Every structure is written in C-alpha cells, then in structure tokens.
Amino acid sequence: MLKGRKIATGVRGIVSPATPKTYSMALEEGLIKIFMEAGFCVTNPTCGACLGMSNGVLAEGEVCASTTNRNFNGRMGKGGMVHLMSPLSAAAAAIKGVINDPREM
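Residue 1 is where the sequence shown starts when you use full-length UniProt numbering, and the numbers rise one by one after that.
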C-alpha cells in the first residue's frame with residue numbers, strides 16, 4: 001500500500017520495529033526503504049513509542065493510528081488519543097491523513 005505513495009501533510013509517521021530480527025527482515029525485504037520513501041521516520045528496534053517514551057509520544061489532543069497490542073488512557077502521552085488498528089489500516093490512515101477504509105484505496 002505504501003510503495004510509491006507519501007504520507008499526508010501534517011502526519012508524523014513513525015515505524016518502530018519491535019526487535020532486531022524484525023528490523024533485519026524488514027531491511028532485507030526492502031520495507032525500510034519503502035517506509036522512508038513514504039515519509040516515515042524509522043527508529044531503531046524499540047518499544048519506546050508504544051509506552052509513551054522516546055520517539056512518538058503524543059501531545060495533548062494528538063491522534064495516533066497505532067499497531068500496538070494494547071491501549072489505555074495516557075499510554076502514549078497524556079491527553080493523546082490512540083486508535084488501535086491493523087498495519088494496513090494504519091498505513092491507509094497515514095496516506096489519507098484520516099482514519100479510513102483501506103479497501104477503498
């Protein structure tokens with residue numbers, strides 16, 4: 001879905017592979033390049049953003065399309081709103097700048 005496309009203006013796209021193995025596999029498959037060319041920041045392997053630490057902490061009122069596996073108030077930043085979704089749905093939201101149905105893209 002991302003190949004040849006760019007994330008919407010105003011979208012802060014962050015990809016954080018969970019493990020070094022996941023990062024290596026994505027690198028070998030060319031996915032890291034696709035993410036970067038689409039406008040995403042690709043971090044080192046970490047769980048920082050999903051815990052509200054390091055890269056990706058949400059500001060008050062900021063909305064996030066996240067592929068993490070859990071959510072509760074303040075998890076990714078005080079006052080931020082997190083929507084859990086599939087990777088395909090998150091990619092579609094990043095491209096359009098709003099939550100949408102990826103089947104329509």
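Positions of the beta carbon are idealized from the N, C-alpha and C atoms, including for glycine. Values in this document were obtained by computation on a predicted structure and should not be read as measured data.
- Cβ neighbours of Met-1 within its own chain (closer than 8 Å, five residues either side excluded): Leu-88, Ala-91, Ala-92, Ile-95, Pro-102, Met-105.
- By the C-beta density criterion, Met-36 is exposed, having fewer than 16 other C-beta atoms within 10 angstroms.
- The beta carbons of Val-42 and Gly-97 sit about 20 Å from each other, so the pair does not count as a contact at 8 Å.
- Ala-38 counts as buried, since no fewer than 16 other beta carbons sit within 10 angstroms of its beta carbon.
- In the three-state reduction of the DSSP assignment, Met-105 falls in the coil class, being assigned neither a helical nor a strand state.
- Excluding five sequence positions before and after Met-85, the CB atoms of its chain that fall closer than 8 Å to its own CB belong to Ala-65, Ser-66, Thr-67, Ala-93, Ile-99, given in chain order.
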